[in-house]
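Each position in the sequence shown, counted from 1, maps to that position plus 1 in this note's numbering. Following: one structure in structure tokens, then a few remarks.
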Amino acid sequence: MTANLRVIIEDKATSGAWNMAVDEALLETALESNVPTLRWYQWNEPTLSLGHFQSEDDSTIDTRFASLAKVRRLSGGGAILHDREWTYSISIGPSHPLAAHPGRLYSLVHETIVGVLREFRVPAQLRGQANDALDHHFLCFSRGDANDVVVGHHKILGSAQRRRRGAILQHGALLLQASEYAPEFPGIHEFCTSPLDERRLFDTVTRTVADAVDATWKSGTLTDAEHQRAEVLMADEYSQLHRPSKGPSST
């Protein structure tokens with residue numbers, strides 16, 4: 002039996018290595034205990050996350066990202082520059098109704114967010130048709146999946162999945178503003194015709210996505226066991242590529 006959806010909102014920005022380790026720990030929880038989790042989190046510095054199958058050879062990475070922290074995601078797809086964005090992950094176990102239809106999880110989250118953005122007068126829509134000619138691009142936001150959320154031709158939300166023995170981890174980035182490291186990718190602010198109330202938008206997106214997945218959701222936090230598991234995963238799996246900026250790191 003699947004438990005109620007747990008919604009975790011991380012108030013503290015943390016490193017890419019920690020963020021990816023927590024996502025994997027939550028996938029393990031979903032697989033072992035069938036506890037689904039929706040998590041929102043932030044990054045404590047501009048970070049490049051590589052898709053699981055992308056090369057880590059620096060010769061393949063745009064030179065403008067050379068000095069940035071890097072981490073490898075559990076999911077596939079193109080690299081993402083995480084900077085001025087909201088990042089989410091959803092982990093569901095094998096018995097969850099959506100587990101048998103992974104594509105439905107993409108469309109459910111993206112369609113829900115499109116609806117909220119339109120309420121805030123951001124003219125978002127699903128791309129609707131994949132553009133395979135863009136698949137060679139290194140960066141995820143230069144690629145063209147049918148499920149992408151776009152404003153005009155600009156992608157503002159993309160997601161990727163990892164499936165493990167029937168469980169699913171899906172995570173994605175919703176761009177708020179263009180980053181100085183990738184100004185070609187505008188965010189929500191660039192498409193607003195009036196000042197944006199970020200807090201109200203975030204609260205509405207969080208509540209609406211949670212309701213779409215499970216109307217009986219409850220707010221929660223990481224368990225001690227999940228925190229400890231994430232620490233192990235961060236040390237063993239996610240710290241190799243990470244190049245922290247000067248100053249104390251944060252987990």
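Even glycine gets a Cβ: it sits at the ideal position worked out from N, Cα and C. Source: prediction; values computed, not measured.
C-alpha distance - residue i paired with residue j, whole-angstrom precision
i, j, result
"E227", "A161", "22 Å"
"F203", "L32", "28 Å"
"I91", "V8", "9 Å"
"T64", "P98", "43 Å"
"L82", "H155", "15 Å"
"S143", "G221", "35 Å"
"T1", "T113", "This structure leaves residue 1 out entirely; the chain is present only between 2 and 252."
"G116", "N20", "27 Å"
"F54", "I169", "18 Å"
"S108", "I10", "22 Å"
"R208", "N148", "21 Å"
"A125", "E191", "12 Å"
"A213", "G104", "15 Å"
"A236", "T15", "15 Å"
"T254", "Q229", "Shown here, the chain extends from 2 to 252; a query on residue 254 therefore has no answer."
"D198", "Q241", "38 Å"
"D225", "Q130", "43 Å"
"R121", "K13", "Sequence inspection shows Phe at residue 121; the Arg mentioned does not correspond to that position. Spanning the two alpha carbons is a distance of roughly 26 Å."
"W87", "L140", "17 Å"
"T3", "L69", "39 Å"
"L118", "P184", "21 Å"
"Y182", "I62", "13 Å"
"A231", "C193", "37 Å"
"R73", "I157", "21 Å"
Whether residue i touches residue j by CB criterion (8 Å)
i, j, result
"G52", "G79", "yes"
"A101", "I93", "no"
"V150", "L39", "no"
"S180", "R85", "yes"
"W289", "Y89", "Residue 289 cannot be examined here, being either before or after the span of the chain that is shown, 2 to 252."
"L177", "F186", "no"
"E25", "L234", "yes"
"P95", "R166", "yes"
"P47", "D215", "no"
Contact belief for residue i with residue j at Cβ below 8 Å, rounded distance in angstroms
i, j, result
"R164", "D146", "R164 to D146, Cβ: 17 Å. No contact."
"H172", "S34", "So it is not a contact: roughly 19 Å between Cβ atoms."
"L6", "W218", "4 Å"
"G153", "A174", "Contact doesn't hold; Cβ gap of about 18 Å is too wide."
"K71", "L106", "27 Å between Cβ atoms; not a contact."
"Y239", "A22", "5 Å"
"I189", "V110", "That pair is no contact at about 16 Å."
CB contact check: residue i to chain D, cutoff 8 Å
i, result
"R166", "Given the protein chain composition of this structure (a single chain), no chain D is represented."
Can you list the beta strand (DSSP E) stretches of 3 or more residues lying completely in the region 58 to 96, in chain order? 70 to 73, 81 to 83, 86 to 93
I'd like the ranges of any beta strand (DSSP E) spanning at least 3 consecutive residues and lying wholly in the region 160 to 246. 168 to 176
Going along the chain, which unbroken runs of the alpha helix (DSSP H) with 4 or more residues stay wholly within the region 9 to 60? 17 to 34
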